[in-house]
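Residue numbers (the UniProt record's numbering): 1 to 78.
Note that CB positions come from ideal geometry on N, CA and C, so glycine has one too.
Note that the coordinates shown come from a computational prediction; the quantities given were computed from them, not determined experimentally.
First comes the structure, then the notes that go with it.
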């Protein structure tokens with residue numbers, strides 16, 4: 001039996017990482033479409049969803065870490 005805390009990967013990229021990538025791509029498109037408030041909601045919802053895929057507790061530090069990662073990716077992608 002595998003360790004439930006083990007990070008699940010597909011093609012050597014964790015599901016949480018794939019989730020974040022998708023959230024950023026979606027948010028960038030929403031910003032380009034002129035709905036930045038929808039983009040913000042997309043990113044905020046992805047913090048919990050992606051953390052759940054990571055099989056790690058969602059502490060305040062993890063939320064901040066995820067938010068920082070998403071903002072950085074959004075800046076790079078936009």
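Work out the CA separation of residue 45 and residue 72 for me, nearest whole Å. 17 Å
By a C-beta neighbour count over all protein chains shown, 10 Å radius and 16 as the cutoff for buried, is residue 51 buried or exposed? buried
For residue 40 and residue 76, the rounded distance between their alpha carbons: 16 Å
Using a threshold of 8 Å, state whether the C-beta atoms of residue 27 and residue 54 are closer than that. no
Starting from the C-beta of residue 63, find all residues in its chain whose C-beta is less than 8 Å away, skip the five residues before and the five after it, and write them out in chain order. 47 and 51
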